[in-house]
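Novice: Chains as they are written, first to last, in my numbering: chain A, 1 to 365; chain B, 1001 to 1365.
We put the CB at the ideal spot given by N, CA and C, even for glycine.
In this text, all values refer to a predicted model and were calculated from it rather than measured experimentally.
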DNA sequence: CTACGGTATGAATCCGAAG
DNA sequence: GCTTCGGATTCATACCGTA
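#1: In chain A, which residues lie with their C-beta within 9 Å of the C-beta of residue 1106 (chain B)?
#2: Check whether the Cβ of residue 176 (chain A) lies closer than 8 Å to any Cβ atom in chain B.
#3: Flag residue 373 (chain A) as yes if its beta-carbon sits less than 8 Å from any beta-carbon of chain B, otherwise no.
#4: Which residues bound the beta strand (DSSP E) around residue 124 (chain A)?
#5: Does any residue of chain B bring its CB to less than 8 Å from the CB of residue 291 (chain A)?
#6: Taking all protein chains shown into account, decide if residue 189 (chain A) is buried (16 or more other Cβ within 10 angstroms of its Cβ) or exposed.
#7: Would residue 1161 (chain B) pass as a contact of residue 1103 (chain B) if the rule is Cβ separation under 8 Å?
#8: Can you pull the chain A residues whose beta carbon is under 8 Å from the beta carbon of residue 1077 (chain B), in chain order?
#9: In this structure, how does DSSP classify residue 971 (chain B) when only helix, strand and coil are distinguished?
#10: Please report the straight-line C-alpha distance between residue 1202 (chain B) and residue 1075 (chain B), rounded to a whole angstrom.
#11: With DSSP as the reference, label residue 185 (chain A) as helix, strand or coil.
#12: Which residues in the same chain have their Cβ closer than 6 Å to the Cβ of residue 1270 (chain B), if we skip the five residues on either side of it in sequence?
#13: What in chain A is Cβ-close to residue 1132 (chain B), meaning under 8 Å?
#14: Are the stretch 347-364 of chain A and the stretch 1206-1221 of chain B touching, with three or more C-beta to C-beta distances below 8 Å?
#15: Are residue 140 (chain A) and residue 129 (chain A) touching if we call contact CB-CB under 8 Å?
#16: I'd like to know whether the C-beta of residue 137 (chain A) is nearer than 8 Å to at least one C-beta of chain B.
#17: Starting from the C-beta of residue 967 (chain B), find all residues in its chain whose C-beta is less than 6 Å away, skip the five residues before and the five after it, and write them out in chain order.
#18: Can you check whether the C-beta of residue 1357 (chain B) is within less than 8 Å of a C-beta belonging to chain A?
#19: I want to verify the contact list: residues of chain A whose CB lies under 7 Å from the CB of residue 1142 (chain B), in sequence order.
#20: Can you tell me whether DSSP reads residue 271 (chain A) as helix, strand or coil?
#21: Do residue 1177 (chain B) and residue 1126 (chain B) have their C-beta atoms within less than 8 Å of each other?
#22: Can you tell which of A:272, A:329, A:192 has the C-alpha that lies nearest to the C-alpha of residue 167 (chain A)?
#23: Roughly how many whole angstroms lie between the Cα atoms of residue 279 (chain A) and residue 362 (chain A)?
#24: Check each candidate in B:1236, B:1255, B:1299 and name the one with the smallest Cα separation from residue 1262 (chain B).
#25: With 8 Å as the threshold, decide whether the Cβ of residue 343 (chain A) is near any Cβ in chain B.
#26: Please name the residues in the stretch 1291-1324 of chain B whose beta-carbon is closer than 9 Å to at least one beta-carbon of chain A, in chain order.
#27: By Cβ distance below 6 Å, which residues in the same chain neighbour residue 56 (chain A) in space, the five residues on each side in sequence not counted?
#28: I'd like the list of long-range same chain contacts for residue 995 (chain B), defined as Cβ closer than 7 Å, with 5 residues on each side in sequence excluded.
#29: So residue 1368 (chain B) is in the beta strand (DSSP E); what residue range does that whole segment cover?
#30: Compare the C-beta of residue 150 (chain A) with all C-beta atoms of chain B and state if any pair is closer than 8 Å.
#31: Quick check on residue 264 (chain A): does DSSP put it in helix, strand or coil?
#32: Once the 5 residues before and after residue 163 (chain A) are set aside, which same chain residues still bring their CB inside 6 Å of it?
#33: Tell me, please, whether the CB atom of residue 72 (chain A) is closer than 8 Å to any CB atom in chain B?
#34: Run through chain A and tell me which residues come within less than 8 Å of residue 1239 (chain B), C-beta to C-beta.
#35: Please list the partners that residue 1126 (chain B) has in chain A, where partner means a Cβ-to-Cβ separation under 8 Å.
#36: On a Cα-Cα basis, can you pick out the residue from B:1213, B:1308, B:1067 that is closest to residue 1150 (chain B)?
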């Protein structure tokens, strides 16, 4: 357990589970101190009577006391209260994920928008092995919905695009995730073999969330911690977590679980990074360093030429300026990446100037 | 065009497009007279600036005036107004479908609940070929959400469970539907070749909605008719429709489209009620996606014929059921692989239906 | 005729560091 | 805060022209 002392008297307890009501506990935390909130709030399910399978076995439905609300108004009031506190403790560039079903997700989404959060995506968790609809009266409820939102419109939220793309065999990650439900060894059991929590989420889900929208060392808060899936995955991935949970029996299960979790080694936590993160190299440096000579001609894919000047600008027939500006002008395009657009000639061959940039970057590292 | 006279002075115009504001036009219709509402309202996208693809081509965005709202409050007011009218004209056991994206669907869902509708499922349309996220800043927006709700809690809504199960080759239909976007020949074009409507929905989507939640002869109302996909599929499937559309140019396109639509024959519209089992790639998808038409004849190696029905089952002289069952029955065999057994006729040639399955599989992989 | 390669396009809240 | 501008960024499918 560690704490961070911040401005004001409030401190940030890390890798700890706070016992109590999530609204009160969040109120005790300092403002602007958390990178990500992941929340799996009560679903407000309104099951009438009990449900049986065709073989007459009873379905163990979600009917715990914490999941009961007297009306939509009561649920909205609760939702507004905890989402307000969550927004207060988020950093300005922080973000939130909330998961839910059609019983509650529309109210959650509308409340998020009303409070000033900015929705980035809704993501569908498509279950490979959902519980069938035993009565044949509706579609098999085969998915849940997650909303990903930044604290503010225009926030610089974290999105590890390249890491997710790599996770997805080289194509960009879509808003529909196909993952199995939590079962088998991963599903935590009580001493008597019953499931310890009715809505335990699979670690694969949290893995993708945390890889995609946090960096190692970030602080992740889960106000409905349950048996601690968020904390377990955060620990594995080298993120810090804060859990809040009202039910002591869940806390006990979560603590035992977290003690057993091992953090992945640092090399395993490294992730495909964006090109944008690489240092910027001014084109003029190639001239300064003699890799290209003033007066030398560059050529674009259509064979058009431009002359390099001593200050690192180009001159073509009807345009002058940076490598990007001249490229855009020649193509009549809104923009152009000059590094991949222009080539120089060596031994009669066209060589992209980006080769030279890579050379400089490798010398820098 | 036909009309039904009901209690009160108001009459029900059938298979007609009403020109005007949907709230006013719905107000002119008699209460309790419609079986199903399918609505594709404005999404309130709030787009800013322009977006280019990596190849510098410009994305043709939805920037139409009809999608602009000044605030969430203004959008909510509009949503409440049209959903109220829709609920008034629904029969007591009627139901509604509304489609949307994360920009609007949470507000729509909460409003539905507030007005007394009873949500039955949210259904996710997973697009096989969505537009990518060109800047790599978010997840590919690869799905849209539909909400299915009955007018009242406890209503005896229509749900053709067995037809949908048959359409899905014997497996319960799930809440996630994988279907391609509307493109190619199905996409309606202006005289100048531009798309006639920016958000035309695929017929396959409406096919599944109408097969699942209406019966032949039902009245289906679409308050945002656009270019008339709902009307076209309703006509094919022997349902009556009422369209409401504000934009005259869309109405013109829709009228021409509807004139060309042929109603499938009645035998093809009869839907299976028997229990069935059998897994694999759904033959029903070939029908749903328009690769085979309901009423079309398939032929076996001995030249015997069977008729395709809207739910993906076959009817021959002395047999009805899946492609496998009917094949086995005709041959007096214990089993039969319908995929290699049946052919359809194109240009006078027999073509095995397995070709079509391979086509779908190649799209899925 | 098929095969193949280039091009067009789809409901999109789509950049960010440096000056 | 603002403006400027470097430079990074796409997947599935349909269609069309050419070989």
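Specialist: According to the structure shown:
#1: Near residue 1106 (chain B) (Cβ distances below 9 Å), the residues of chain A are 105, 106, 107, 108, 109, 110, 111, 112, 113, 119, 122, 147.
#2: Residue 176 (chain A) counts as touching chain B.
#3: The shown model of chain A, from 1 to 365, leaves out residue 373 (chain A), and the question about it has no answer.
#4: For residue 124 (chain A), the enclosing beta strand (DSSP E) starts and ends at 118-127.
#5: With 8 Å as the cut-off, residue 291 (chain A) does not count as an interface residue toward chain B.
#6: So residue 189 (chain A) ends up on the exposed side.
#7: For residue 1161 (chain B) and residue 1103 (chain B), no; Cβs fall outside 8 Å.
#8: Result: empty, since nearest Cβ-Cβ is about 14 Å, beyond 8 Å.
#9: There is simply no residue 971 (chain B) to check, as chain B begins at 1001 and stops at 1365 in what is shown.
#10: Distance between the alpha carbons of residue 1202 (chain B) and residue 1075 (chain B) is about 26 Å.
#11: Residue 185 (chain A) carries a helical assignment under DSSP once its states are collapsed to helix, strand and coil.
#12: Model confidence at residue 1270 (chain B) stands at a pLDDT of 47, short of 50, so the residue's coordinates are unreliable and nothing is read from them.
#13: Correct list: 172.
#14: The stretch 347-364 of chain A vs the stretch 1206-1221 of chain B: no contact.
#15: In this structure, residue 140 (chain A) keeps its C-beta atom at 8 Å or more from the C-beta atom of residue 129 (chain A).
#16: Residue contact with chain B for residue 137 (chain A): present (Cβ-Cβ distance below 8 Å to some residue of chain B).
#17: Nothing can be reported for residue 967 (chain B): it is not among the residues displayed for chain B, which extend from 1001 to 1365.
#18: No, residue 1357 (chain B) does not count as interfacial toward chain A.
#19: Within chain A, the residues near residue 1142 (chain B) are 174, 175, 176.
#20: Look at residue 271 (chain A) here: in three-state DSSP terms it is coil, with no helix or strand label.
#21: The criterion of a C-beta distance shorter than 8 Å is satisfied by residue 1177 (chain B) and residue 1126 (chain B).
#22: Nearest C-alpha to residue 167 (chain A): A:272.
#23: Going from the Cα of residue 279 (chain A) to the Cα of residue 362 (chain A) covers about 11 Å.
#24: For residue 1262 (chain B), the closest C-alpha among the options B:1236, B:1255, B:1299 is that of B:1236.
#25: No, because no Cβ of chain B sits closer than 8 Å to the Cβ of residue 343 (chain A).
#26: Within the stretch 1291-1324 of chain B, no residue qualifies.
#27: Low local confidence applies: a pLDDT of 49 at residue 56 (chain A) is under 50, so the model's placement there is unreliable, and no value is given.
#28: With chain B represented from 1001 up to 1365, any question about residue 995 (chain B) goes unanswered, as that position is not in the structure.
#29: The structure shown has nothing for residue 1368 (chain B), since chain B only spans 1001 to 1365.
#30: Answer no: the Cβ-Cβ gap between residue 150 (chain A) and chain B never drops below 8 Å.
#31: Residue state, collapsed to three classes: coil.
#32: Excluding residues up to 5 positions away in sequence, 211, 271, 272 lie with their Cβ nearer than 6 Å to the Cβ of residue 163 (chain A) in the same chain.
#33: Yes, residue 72 (chain A) counts as interfacial toward chain B.
#34: Correct list: empty, because the minimum Cβ distance to chain A is about 20 Å.
#35: By Cβ distance, chain A contributes 124, 126, 176.
#36: Of B:1213, B:1308, B:1067, the residue nearest in Cα terms is B:1213.
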